[in-house]
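Written below as structure tokens is the structure these notes are about.
There are 4 protein chains.
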Amino acid sequence: MKNTIGTALTLTLFGESHGPAIGAVLDGLAPGIPVNEDDIAHALDMRRPSGKISTKRREPDEFSILSGVFNGRTTGTPLCIVIKNENAQSRDYDYGPARPGHADYAAYMKYHGYEDYRGGGHFSGRVTAGIVAASAIVRTALKARGILVGTHISQLCSVRDRGFIDYKEDIELLYNKPFPTLMDEAEAQMRSAAERCAELGDSVGGVLQTAAIGMPAGVGEPFFGTVEGELSRAIFAVPGVKGVTFGLGTGFAGVFGSEGNDELRYEDGKVEFTKNNNGGVNGGITNGAPVIFNTVVKPTPSIYKPQNTVDFIKKENIVHTVRGRHDPMIIHRARAVVDALTVITLADLLTVRYGDDYLCPEGK
Amino acid sequence: MKNTIGTALTLTLFGESHGPAIGAVLDGLAPGIPVNEDDIAHALDMRRPSGKISTKRREPDEFSILSGVFNGRTTGTPLCIVIKNENAQSRDYDYGPARPGHADYAAYMKYHGYEDYRGGGHFSGRVTAGIVAASAIVRTALKARGILVGTHISQLCSVRDRGFIDYKEDIELLYNKPFPTLMDEAEAQMRSAAERCAELGDSVGGVLQTAAIGMPAGVGEPFFGTVEGELSRAIFAVPGVKGVTFGLGTGFAGVFGSEGNDELRYEDGKVEFTKNNNGGVNGGITNGAPVIFNTVVKPTPSIYKPQNTVDFIKKENIVHTVRGRHDPMIIHRARAVVDALTVITLADLLTVRYGDDYLCPEGK
Amino acid sequence: MKNTIGTALTLTLFGESHGPAIGAVLDGLAPGIPVNEDDIAHALDMRRPSGKISTKRREPDEFSILSGVFNGRTTGTPLCIVIKNENAQSRDYDYGPARPGHADYAAYMKYHGYEDYRGGGHFSGRVTAGIVAASAIVRTALKARGILVGTHISQLCSVRDRGFIDYKEDIELLYNKPFPTLMDEAEAQMRSAAERCAELGDSVGGVLQTAAIGMPAGVGEPFFGTVEGELSRAIFAVPGVKGVTFGLGTGFAGVFGSEGNDELRYEDGKVEFTKNNNGGVNGGITNGAPVIFNTVVKPTPSIYKPQNTVDFIKKENIVHTVRGRHDPMIIHRARAVVDALTVITLADLLTVRYGDDYLCPEGK
Amino acid sequence: MKNTIGTALTLTLFGESHGPAIGAVLDGLAPGIPVNEDDIAHALDMRRPSGKISTKRREPDEFSILSGVFNGRTTGTPLCIVIKNENAQSRDYDYGPARPGHADYAAYMKYHGYEDYRGGGHFSGRVTAGIVAASAIVRTALKARGILVGTHISQLCSVRDRGFIDYKEDIELLYNKPFPTLMDEAEAQMRSAAERCAELGDSVGGVLQTAAIGMPAGVGEPFFGTVEGELSRAIFAVPGVKGVTFGLGTGFAGVFGSEGNDELRYEDGKVEFTKNNNGGVNGGITNGAPVIFNTVVKPTPSIYKPQNTVDFIKKENIVHTVRGRHDPMIIHRARAVVDALTVITLADLLTVRYGDDYLCPEGK
């Protein structure tokens, strides 16, 4: 599958940055889930650029639901949500220069020059708005089952945020933060780092940490349907993502087994883990602890500095300066998309495990 | 899909550690590829335990090809390869205690106690022998197209190996090394670290780095068919893997866009990259540079130390010491599986891109 | 997959009869295919109701392409086409009575009453307009490869049309016929049969025969990727279809092997078949002869006569007369959808076989 | 997918007629299902040739279960079943002559001459033994849920059997009949027709009718996951099948809507249908009535008469007589495979609908 993901709950994306609209089709979602337009608008707000650290292109992100909702609830048939492109400035883009770190050259080798190159075309982060909008509905359904998902910037350059402590409280805190950190100081320092970087015409990357609580134990599969594999495949769809690690992540390389292992104990008749280095997954299957993973986001490739590259149409070496509007950091916006794909992927895994009606109000 | 992966070229796994046999079915492989049993034996040798740093269970790994080969070449129909289990000591295992870091409890919650728990059952690394055997045939086909894949241990505890320099030479070097490092000193230090750890009854983790050269530009898809997503989903099938990052990986969090971007230039009419931080992939699509990624492998969860845990049958807290044979490190053996899954995944991506006959001698 | 079909070329449907719009997303289509809006309009015209034998609901079928087309050609990224619903009369429908032969009761058991029941909702033939629109673009691409597809009504009640004689000429003839028969007399008799039936408030069914010429030999797979299996799965998506048979179809039950077998011979160095009882497929794989199959379409279940049924909301037996507008025959309209799905399915099979660029102008 | 079918419950086939073994991997089957070797042997017996109307090749069909069963029950992980080939007479086959009605030429165009052509290779009906063996286990699980499946020969040449009357009783009757008819006279006449045909060196085809009772309403999907589409795709895997029709099938072409529609009524608070022309499916979804479909099986293409054909290696027209052992009729053996694929496909649809544990004893 190319622009479709999922087994029981599938998401299909379409659209280009400067085409008439972008959108998504969500299929296999249980019937009866309340659809709240404010929730969708809120999710889109979290992905929208704002302030000095974001592109000056501002999209109102007006969405229309074309199908799949009736009397304010999901029908169980495909839900198509469309978001118009309105603030596109196509004159800012030319074709031939391969912007370093971008997909221009790879896309040319794949699409033979027929690709819509304006504003990154189908490779634009703009396309992820459809993911985010669709996820808001799924999030409602997960919440009704006690499953909550939240993501924060755990690292930006050398600035680090604290980890999750009280998962529920922390996730609720993050829900309304367009610049999602758990500590206020971290936000201040990250903003200041990004702004200094923007002044240099450069960009910064970082790491997101995502937590999902409430997932029942026993979801996922060994080998080719692992929770890790399903999530990572989804998360690598986010433009700029270059790594996904679970729990302790790269930290596992430096610890002994006796430290890496999470011990178990019964508390009030329920299995608990003393720590969660494994990120809530063993053998590809949820163990009941929070699902925790980290997403590495590279610095925005669009920078204001001249770079050496090729013009693949003129077949010559050039020095090129990226024109147009671009973000010195995208990780806070990528957060919304990582969060959204987590919501959708977990809902898919749950639907595979417990059937089509698991997220339906009647399914309980 | 649970134990099947791939779109055009699919791999299906079966088997448990202490059942009669494990195996794999490879389907969609082009006809006409020479099948050399020595290559398969060699690949299996690289996965087999050896020396002080490995389990004392030694399997001869005798394989049989049940289908899909005729007159020494692939037929294009499913190739089933079966490896008997012969050295299983089932008395070493009991049921109920959840070994920390293992899938025991998660599996119980999924399979309700019907799972074959002996030696880890279907969760055993033993099952990966089928992947490794199958990959040897696919490797031959890729090689005929100029595509080579190799993996080394880039980090074990605090010991680091150098990165790839001359890709072709380095990959050829690694092919015959059961303890795969690029520097001899790294091997010596890593072995010594692992042996010290073994003496403590503990285990170590690390990081693998994989390189694939010769991949044409323009393979893969944006969003849900990215090279990163397809590879990571496959690699997370390897027991113990907790992270997959591409190119500079987590290093991206600490650099500016101007450093992270890989500049392009024409050399002799061919597009080259000045460096390869993006690991050969932009926008999910190969750019013609080597595909590079890193796999985080956690320390073997089986250790000789007593650990606190639960007995989920007796529903009580216990102190448990894992019995049986186990490896203080598995990363050198995981290497064979990561390598194998890379070979198979890239062959799948190429078959999707260029059609069923791409790897067939007649397809050129 | 629920509303998505295909392996390399995928089609995703969305929409309900009385929602804001219906549509389709076509993904995996090669870049560079010319997109002609007149062709799309023409395909939609063939599906649109007309004359005495069709519903009085008349849709203008104005479509918009939201993505995937740039400079008049496909880009290779998802193409979304949307068709607004404008002439919906929702007051004609009530909820509870299960119309015999319709999906009302089955849908209620699946969607628990959350389904959009107006005008059949997502079960409406209206949703197939998206298939038809999308297929027009794919048809252009197949034609450039010499592959043509056409469908006629081979039987309506007791009236029969002749079979294909000169395939190319016959297919071209059918292209412009909203009432697609190969003989003019057949059309006249079928129309007259349908009109008589309409006067009785009843409806008629029939059989469509489809031919695809130009398919190369060697496409498809044995067992679970057969040309027959892939086509039939697609064709059963058309509301009202209850059977799909290939070549001689049910006639095979009455002949001997010596009659059923199609003999081969070389003519001008090319393999030809003396007859085509097998419908161009052996062992699931094309043999180079025209692909021929027959689709059984049941009579429209909406009739003007009172019928015994249940009200599943009130839980009581009732006598019910279907209100609203409906067609005494739909087979001529189903033709457009069967034709469209054939075009899309064959393009998918070809893309799987020969790769992503097979239908791209550069791919030749 | 090529040799793998299913969404939640998948079946993967491998093997060739004259290779070491054929087999199947069943994945996604619920844990805890009792595995009875006698049931498997019985299912294989129903597929095995016997008497004058079958090939003289007699296989003992000794099977081994390599994985997925522990303590006599399914584990929930992949179940691999292997059946050795023992009675192969490879000298009977030569390569080049395209047997009319067989896949020889189509396979050559796909596999370029690398295919294992001995005894039909991977295209042999022999490969279906794996399907049949695997289905016996799934059948046990369906039965525990009250779902029964049976198939009879409804037509052979001009001889017809009666339809199902008391479904349960009829299905139980068929279970033990190697020549499956509901009326004894039908069997006698069909046998006699087949034997006369065998004397002429020719072969006969026919129609199978399959019934599945106990399927809950609300299973399946509109459009691309219809019960009809999923079943037909599976059934077309059976060598020789050329058509699949539901309920009244081709009879729909000759009736009015008022006759074709199945009226509903409440009986004892449960929805019943007065007749079952729609074969238990409306809008692609089960309606609670028995699922009924018909499978057209062409006459065995292997006949003892000389036929005109080509030698595609020598590139010349020839007259060819098929050597070796072959069946004058295969429809009674195809019955076992159609039955088996129905069992597996329905179990897959149920697992998708109700989740992984639906067929597990604990799932109830």
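Residue numbers (the numbering used here), protein chains in the order written: chain A, 1 to 364; chain B, 1001 to 1364; chain C, 2001 to 2364; chain D, 3001 to 3364.
By construction, the Cβ of each residue, glycine as well, lies at the ideal position given by its N, Cα and C atoms.
With its beta carbon less than 8 Å from one in chain A, Val-3352 (chain D) belongs to the interface. For Gly-1355 (chain B), the nearest CB of chain C lies under 8 Å from its own CB, placing it at the interface with that chain.
Between Gly-3220 (chain D) and Val-3227 (chain D), the CB-CB gap stays under 8 Å. Between Tyr-3117 (chain D) and Arg-3099 (chain D), the alpha-carbon positions lie close to 11 Å from each other. Inter-residue distance for Phe-2063 (chain C) and Pro-3216 (chain D) is about 39 Å (C-alpha atoms, whole angstroms).
Gln-2209 (chain C) is bridged by DSSP to C:His-2152, C:Asn-2294. A straight line joining the alpha-carbon of Ala-2186 (chain C) with that of Gly-2125 (chain C) spans about 25 Å. Contact annotation: in the stretch 3063-3078 of chain D, residues whose CB is within less than 9 Å of a CB in chain B are Ser-3064, Ile-3065, Leu-3066, Ser-3067, Gly-3068, Val-3069, Phe-3070, Asn-3071, Arg-3073, Thr-3074, Thr-3075, Gly-3076, Thr-3077, Pro-3078. Contact between Ile-2330 (chain C) and Gly-2201 (chain C) is ruled out by a C-beta separation of about 16 Å, above the 8 Å threshold. Using a Cβ-Cβ cut-off of 9 Å, Ser-192 (chain A) is close to nothing in chain B; its nearest Cβ partner there is about 15 Å away. Under the three-state reduction of DSSP, Ala-2107 (chain C) is assigned to helix. If one requires a minimum length of 3 residues, the beta strand (DSSP E) runs lying completely within the stretch 2245-2311 of chain C are 2264-2267, 2270-2273, 2291-2297, 2307-2311, in chain order. Boundaries cannot be given for Ser-2158 (chain C), as no beta strand (DSSP E) includes it and DSSP labels it neither H nor E.
Residue range 79-84 is occupied by the beta strand (DSSP E) that includes Cys-80 (chain A), with no alpha helix (DSSP H) assigned at that position. In this structure the stretch 3118-3137 of chain D lies against the stretch 3033-3050 of chain D, because at least three pairs of beta carbons, one per stretch, are closer than 8 Å. In the DSSP assignment, Thr-1012 (chain B) falls outside any alpha helix (DSSP H) and within the unbroken beta strand (DSSP E) covering 1010-1015. Setting aside the 5 residues that flank it on each side, Val-2138 (chain C) is surrounded in the same chain by Leu-2029, Val-2343, Ile-2344, Ala-2347, each with a C-beta closer than 7 Å to its C-beta; the list follows chain order.
Our two residues, Glu-2267 (chain C) and Gly-2247 (chain C), have alpha carbons roughly 22 Å apart in a direct line. Judged by beta-carbon spacing, Ala-3024 (chain D) lies beyond the 8 Å limit of Lys-3084 (chain D), meaning their Cβ atoms are not closer than that value. When DSSP states are grouped into helix, strand and coil, Glu-3062 (chain D) belongs to the coil group.
When only Cα atoms are considered, Val-322 (chain A) and Tyr-111 (chain A) end up about 22 Å apart.
In this structure Phe-224 (chain A) is in contact with Thr-1004 (chain B), their Cβ atoms being roughly 6 Å apart against a cut-off of 8 Å. Taking a C-beta distance under 8 Å as the contact criterion, Tyr-2114 (chain C) and Gly-76 (chain A) qualify as a contact pair. When D:Ala-3340, D:Ile-3318, D:Glu-3172, D:Lys-3298 are compared, the shortest CA-CA separation from Asp-3327 (chain D) is found for D:Lys-3298.
Tyr-1095 (chain B) counts as exposed, since fewer than 16 other beta carbons sit within 10 angstroms of its beta carbon. Using a CB distance cut-off of 8 Å, Ala-1347 (chain B) does not count as an interface residue toward chain C. In the DSSP assignment, Glu-3199 (chain D) falls within the alpha helix (DSSP H) that extends over 3184-3199.
In terms of Cβ geometry, Ala-1106 (chain B) and Asn-282 (chain A) form a close pair [threshold 8 Å]. Look at Ile-1022 (chain B) here: in three-state DSSP terms it is strand. Listed along the chain, the chain A residues whose CB falls inside 9 Å of the CB of Thr-3250 (chain D) amount to none; the nearest CB is some 30 Å away. Secondary structure of Pro-222 (chain A) (DSSP, three-state): coil. If the five residues before and after Gly-1205 (chain B) are omitted, its C-beta is found closer than 6 Å to the C-beta atoms of Val-1297, Lys-1298, Pro-1299, all from its own chain and listed in chain order. Of all alpha-carbon atoms in D:Met-3183, D:Ile-3033, D:Leu-3156, D:Pro-3097, the one lying nearest the alpha-carbon of Leu-3079 (chain D) is that of D:Ile-3033.
In the structure shown, Asp-2166 (chain C) falls within a coil segment according to DSSP collapsed to helix, strand and coil. Annotated three-state conformation of Val-2352 (chain C) is helix, per DSSP.
Residues Val-1204, Pro-1328 of the same chain have their beta carbon placed closer than 6 Å to that of Cys-1197 (chain B), with the five preceding and five following residues left out of the count.
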